[in-house]
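Engineer: Have a look at this one before I ask anything.
Residue numbers (full-length UniProt numbering): 1 to 273.
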């Protein structure tokens, strides 16, 4: 390797196919959902094995060594080992990366900086878990990882009408008070965040031609709204138009961009749960 080597860690997530990796003295076969850590300071050979004649696809994140706040010796033990991306911290990191990748082109420069920090925090927490060390992980990184995990949990459970701050806190073994403290920097309450995400899911469904045969009541119920009147009021307050009118505009190809830009941004835009 050149002296100008940038000393980067590479964390690769396999999305399809398999890969055979030789890094240092280790050989590994990684499949779909596996995460693999390697660096640019050691030779690395890889062979790809597509499934059914397709392509091997994946996401690779480049992380400067200096961004990982614990000793290189502890991280180096993980080189060339397939790390599971389907459970625990691995699942959280994998879900974040797969959702981030298609949206990256639409992010502003300021968004990219913030998302880079969140990504580094999640990777730090993930590596700390597998290196069996919490010594060098800053409290901010652990807090960011916990917040990202809570967001992911909420997203997966929007259809549950019983989803509430108390339920979220219980599932993450924290108090409701601490949960609210985690959401303070976002300028939105937990209940308002849940409602905001539900409204956005409903808005997308209302504009989806493939769901045009489904009633508005069906679409709202699948995202956790129990009462139609409650949903109608919340939707109109958020987007400035009744859901039925929005659906008619969207399905007939009229421009709804202005409506979408009026999505709720804080607790004042939303009714409390």
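No residue lacks a Cβ here, since even glycine has one placed at the ideal position from N, Cα and C.
Pull up the distance between the alpha-carbon of residue 194 and that of residue 76, whole angstroms please.
Structural biologist: Sequence index remark: in the chain shown, residue 194 carries index 194 (1-based). Sequence index remark: in the chain shown, residue 76 carries index 76 (1-based). Taking the straight line from one Cα to the other gives about 40 angstroms.
Engineer: Once DSSP output is grouped into helix, strand and coil, what is the label at residue 7?
Structural biologist: Here residue 7 refers to the residue found at position 7 of the chain shown. If DSSP states are grouped into helix, strand and coil, residue 7 belongs with coil.
Engineer: Count the other CB atoms, across all protein chains shown, that sit within 10 Å of the CB of residue 216; report buried if there are 16 or more and exposed otherwise.
Structural biologist: Within the chain shown, the letter at position 216 stands for residue 216. It counts as buried.
Engineer: Can you name the start and end residues of the alpha helix (DSSP H) that residue 196 belongs to?
Structural biologist: For this step, residue 196 is matched to residue 196 along the chain shown. Start and end: 190-206.
Engineer: In terms of alpha-carbon separation, which member of 64, 171, 131 lies closest to residue 120?
Structural biologist: To locate residue 120, count along the chain shown from 1; it is residue 120. Measuring from the Cα of residue 120, the nearest candidate turns out to be 64.
Engineer: Return the first residue and the last residue of the alpha helix (DSSP H) that residue 39 is part of.
Structural biologist: Translated into the one-based positions of the chain shown, residue 39 becomes position 39. Taken as a continuous stretch (DSSP letters only), residue 39 belongs to no alpha helix (DSSP H), being part of the beta strand (DSSP E) at 34-39.
Engineer: Taking Cβ positions, are residue 238 and residue 211 nearer each other than 7 angstroms?
Structural biologist: Translated into the one-based positions of the chain shown, residue 238 becomes position 238. Translated into the one-based positions of the chain shown, residue 211 becomes position 211. No, Cβ-Cβ distance for residue 238 and residue 211 is not below 7 angstroms.
Engineer: Short of 6 angstroms in beta carbon distance, which residues of its chain neighbour residue 30, apart from the five on each side in sequence? Order them along the chain.
Structural biologist: Here residue 30 refers to the residue found at position 30 of the chain shown. Hits under 6 angstroms: 14, 19, 36, 82.
Engineer: Thinking C-alpha only, which one of 143, 39, 34 is nearest residue 8?
Structural biologist: Within the chain shown, numbered from 1, the residue matching residue 8 stands at position 8. Among 143, 39, 34, the Cα nearest to that of residue 8 belongs to 39.
Engineer: Quick check for students: name the residue ranges of the alpha helix (DSSP H) that lie wholly in the stretch 55-142, counting only runs of 4 or more.
Structural biologist: For the stretch 55-142, whole alpha helix (DSSP H) runs of length 4 or above, ordered along the chain, are 72-76, 88-103, 109-130.
Engineer: Going by the CB atoms, is the gap between residue 71 and residue 85 shorter than 7 angstroms?
Structural biologist: By 1-based counting over the chain shown, the position of residue 85 is 85. By 1-based counting over the chain shown, the position of residue 71 is 71. Residue 71 sits away from residue 85, with the two beta carbons spaced by 7 angstroms or more.
Engineer: Considering only residues of the same chain and omitting the five flanking positions on each side of residue 197, which have a CB-CB separation below 7 angstroms?
Structural biologist: For the purposes of this step, residue 197 is taken as the residue at position 197 of the chain shown. Within the same chain, 154, 155, 158 come within 7 angstroms of residue 197 by CB-CB distance, once the 5 residues on both sides are set aside.
Engineer: Can you tell me which of 90, 17, 33, 245 puts its alpha carbon nearest to the alpha carbon of residue 46?
Structural biologist: Sequence index remark: in the chain shown, residue 46 carries index 46 (1-based). Measuring from the Cα of residue 46, the nearest candidate turns out to be 17.
Engineer: Within a Cβ cutoff of 6 angstroms, which residues of the same chain sit near residue 182, ignoring the five residues on either side of it in sequence?
Structural biologist: For the purposes of this step, residue 182 is identified with residue 182 of the chain shown, where counting begins at 1. Here the set comprises 147.
Engineer: In the DSSP assignment, the alpha helix (DSSP H) including residue 21 goes from what residue to what residue?
Structural biologist: Residue mapping note: residue 21 aligns to position 21 of the chain shown, counting from 1. Residue 21 -> not in any alpha helix (DSSP H); beta strand (DSSP E) instead, spanning 18-23.
Engineer: Excluding five sequence neighbours on each side, which residues of the same chain lie with their C-beta closer than 8 angstroms to the C-beta of residue 150?
Structural biologist: Residue 150 sits at position 150 when you count from the first residue of the chain shown. Hits under 8 angstroms: 168, 172, 179, 182.
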